[in-house]
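Undergrad: Below is the structure I would like to discuss, written out as structure tokens.
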Amino acid sequence: MTTRGKPDDKPDEKPDDKIGGDASARRVVLVTGMSGAGKTSALKALEDLDFEAIDNVPLSLLESLVIGSQHEFTGPGMARPLAIGVDIRTRDFGVEAFAGRYDQLIATGDVDVKTVFIDCDDEELRRRYEETRHRHPLAIDRPVADGIAHERKLVSKLRDRADLTIDTTGLGPGELKSLLHGHFGGEGNSALAIFVTSFSYRRGIPREADLVFDVRFLANPHYDAELRGQSGREEAVAAFIGRDEAFQPFFQNLTQLLSPLLPRYLAEGKSYLTLAIGCTGGRHRSVFVAERLGLWFEGQGQRVRLHHRDLEG
């Protein structure tokens, strides 16, 4: 699953839907991704959640670091969670080597390991490097764009293996921090973590979404002068959209589609599911439907986190 969006001021995700795994196992988050995408900020955010954050650990030391440091603790669930940064700067780094070390950790049965891939649009990465004048690790003797392209080719398979991908294009450090707090801010269990985001088609479809739904066919409050400045969270806007005769059949069909999918996703071992709801401006219709969908998930006994990516844009 991948995720991107503007977080709400009051996240509504509960502790038991944050991250899959045995609650008694030590939590380990491996943070990797594209250089310049925000891995350092991600590690700092996890450190704020009482993770012990360590960057640029050689892959050959990964297992001894994770397993060996557990001996400092006694009792189930008492080991401090670990967040470990691993990327192309890491000694002996390679996708196959990373996969092998990851599988070794899983095989121990003593740790709950998740991989987070921090990504960003290539043009945005190039702009960041040019603005900061930092040197890309693979562009010592070549243009930044070439280094980015080479790195993306090297890590593409790693992105495919990740449990969670976060696209930081257009996100500030505070927004990235809120997203990570939403996913990893509580103790883990085996539940599917559901993430619903509204968005504006003007700013593009979230690349990280597992499922995308277009609600631009619904009545648009933007053309009502009294409703234009409000959002889909407010009662007057909700009533306006809810009166559209197309809404109820659509929403019923949507929930009937999703109901059988959730247990199947869990059965295949999926930890995260991201649904993106889009409208033209990302302020009225998509926000309203996302809010209603969040309530529906809660009514099904699921715990869900809502973001409205473009509500303030």
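The sequence shown: position 105 = 106 (the numbering used here), numbered continuously. All residues carry an ideal CB built from backbone N, CA and C; glycine is no exception.
Mind checking F315: buried by the 16 CB within 10 Å criterion, or exposed?
TA: The shown model of the chain, from 2 to 314, leaves out residue 315, and the question about it has no answer.
Undergrad: Take S232 as the anchor and find which of V197, A268, D245 and G282 has the nearest alpha-carbon.
TA: Along the sequence shown, one-based indexing puts residue 232 at 231. Of the candidates V197, A268, D245 and G282, the one whose C-alpha sits nearest the C-alpha of S232 is G282.
Undergrad: Give me the residue from L262, T275, E235 and L193 with the minimum Cα distance to E303.
TA: Here residue 303 refers to the residue found at position 302 of the sequence shown. Sequence inspection shows Gln at residue 303; the Glu mentioned does not correspond to that position. For Q303, the nearest C-alpha among the options comes from L193.
Undergrad: What is the DSSP secondary structure of L193, reduced to helix, strand or coil?
TA: By 1-based counting over the sequence shown, the position of residue 193 is 192. When secondary structure is reduced to three states using DSSP, L193 falls in the coil class, being assigned neither helix nor strand.
Undergrad: Could you tell me whether the Cβ atoms of P174 and S42 are closer together than 7 Å?
TA: For the purposes of this step, residue 174 is taken as the residue at position 173 of the sequence shown. For the purposes of this step, residue 42 is taken as the residue at position 41 of the sequence shown. A contact, by the Cβ cut-off of 7 Å.
Undergrad: Could you compute how far the alpha carbon of E292 sits from the alpha carbon of I141?
TA: Counting from 1 along the sequence shown, the entry for residue 292 is found at position 291. Counting from 1 along the sequence shown, the entry for residue 141 is found at position 140. Going from the Cα of E292 to the Cα of I141 covers about 47 Å.
Undergrad: DSSP state of D113, grouped into three classes?
TA: Counted from its first residue, the sequence shown places residue 113 at position 112. D113 falls in the strand class under three-state DSSP.
Undergrad: Pop quiz: E152 and I85 are said to be a contact at Cβ under 8 Å. What is the actual Cβ separation, rounded to whole angstroms?
TA: The residue you call residue 152 lines up with position 151 of the sequence shown. The residue you call residue 85 lines up with position 84 of the sequence shown. Their Cβ separation, rounded to whole angstroms, is 19 Å, which puts E152 and I85 out of contact at 8 Å.
Undergrad: Going by DSSP, which residues form a beta bridge with A277?
TA: Stepping through the sequence shown from its first residue, residue 277 is reached at position 276. DSSP, once it has assigned bridges, lists T198 and V213 as partnering A277.
Undergrad: Quick check: the Cα distance between Q249 and L47, rounded to an integer number of angstroms?
TA: Counting from one through the sequence shown, the residue named residue 249 turns up at place 248. Counting from one through the sequence shown, the residue named residue 47 turns up at place 46. In a straight line, the C-alpha of Q249 is about 40 Å away from that of L47.
Undergrad: Answer yes or no: do D93 and P144 have a C-beta to C-beta separation smaller than 7 Å?
TA: On the sequence shown, position 92 is the one that residue 93 refers to. On the sequence shown, position 143 is the one that residue 144 refers to. Not in contact: D93 and P144 (Cβ atoms no closer than 7 Å).
Undergrad: Do F185 and L50 come within 7 Å of each other at the CB atom, strictly closer than that value?
TA: For the purposes of this step, residue 50 is taken as the residue at position 49 of the sequence shown. For the purposes of this step, residue 185 is taken as the residue at position 184 of the sequence shown. Yes. Within cutoff.
Undergrad: Could you tell me the alpha carbon to alpha carbon distance between P222 and V216, rounded to whole angstroms?
TA: The residue given as residue 222 occupies position 221 in the sequence shown. The residue given as residue 216 occupies position 215 in the sequence shown. Between P222 and V216, the C-alpha separation is close to 13 Å.
Undergrad: Cα-Cα, which of G295, R284 and H137 is closest to R310?
TA: Position 309 of the sequence shown holds residue 310. Of the candidates G295, R284 and H137, the one whose C-alpha sits nearest the C-alpha of R310 is R284.
Undergrad: Can you give me the start and stop residues for the alpha helix (DSSP H) that I89 sits inside?
TA: Your numbering for residue 89 matches position 88 in the sequence shown. Taken as a continuous stretch (DSSP letters only), I89 belongs to no alpha helix (DSSP H), as it is neither H nor E.
Undergrad: Tell me, please, whether the segment 268-278 touches the segment 202-212 by the rule of three or more beta-carbon pairs shorter than 8 Å.
TA: yes
Undergrad: Can you list, in chain order, the residues of its chain whose CB lies under 6 Å from that of E53, leaving out five sequence neighbours each side?
TA: One-based indexing of the sequence shown puts residue 53 at position 52. Residues of the same chain with a CB within less than 6 Å of the CB of E53, apart from the 5 flanking positions on each side, are R81 and L83 in chain order.
Undergrad: Would DSSP call D225 helix, strand or coil?
TA: Numbered from its first residue, the sequence shown carries residue 225 at position 224. Here D225 sits in coil by DSSP.
Undergrad: To the nearest whole angstrom, what separates the beta carbons of H137 and I149, a pair I think is in contact under 8 Å?
TA: Along the sequence shown, one-based indexing puts residue 137 at 136. Along the sequence shown, one-based indexing puts residue 149 at 148. Contact flag correct, Cβ pair sits at about 7 Å.
Undergrad: Going along the chain, which residues of its own chain have a beta-carbon closer than 6 Å to the beta-carbon of D164, five neighbours each way excluded?
TA: In the sequence shown, counting from the first residue as 1, residue 164 sits at position 163. Cβ within range, chain order: K115, T116 and S272.
Undergrad: Nearest-angstrom Cα distance between R306 and G295?
TA: Looking up residue 306 in the sequence shown gives position 305. Looking up residue 295 in the sequence shown gives position 294. When the Cα atoms are used, R306 and G295 turn out to be separated by approximately 8 Å.
Undergrad: Taking a contact to mean a Cβ-Cβ separation below 7 Å, would you say D161 touches A38 in this structure?
TA: Residue mapping note: residue 161 aligns to position 160 of the sequence shown, counting from 1. Residue mapping note: residue 38 aligns to position 37 of the sequence shown, counting from 1. Inclusion of D161 and A38 in the CB contact set at 7 Å is not warranted, their separation being larger than that value.
Undergrad: Does DSSP put T169 in a helix, a strand or coil?
TA: Translated into the one-based positions of the sequence shown, residue 169 becomes position 168. Three-state result, T169: coil.
Undergrad: Here's a check: name, in chain order, each residue in its chain whose Cβ is nearer than 7 Å to the Cβ of L126, leaving out the five neighbours to either side.
TA: Locating residue 126 in the sequence shown gives position 125, where the first residue counts as 1. Excluding positions up to five away in sequence, the list reads M35, G37, A38 and I149.
Undergrad: If we count the other Cβ atoms within 10 Å of its Cβ and call it buried at 16 or more, is H308 buried or exposed?
TA: For this step, residue 308 is matched to residue 307 along the sequence shown. Per the 10 Å Cβ criterion, buried.
Undergrad: Our contact map puts A220 next to F196 with C-beta atoms below 8 Å; I'd like the distance itself, whole angstroms only.
TA: The residue given as residue 220 occupies position 219 in the sequence shown. The residue given as residue 196 occupies position 195 in the sequence shown. About 27 Å; that fails the 8 Å criterion.
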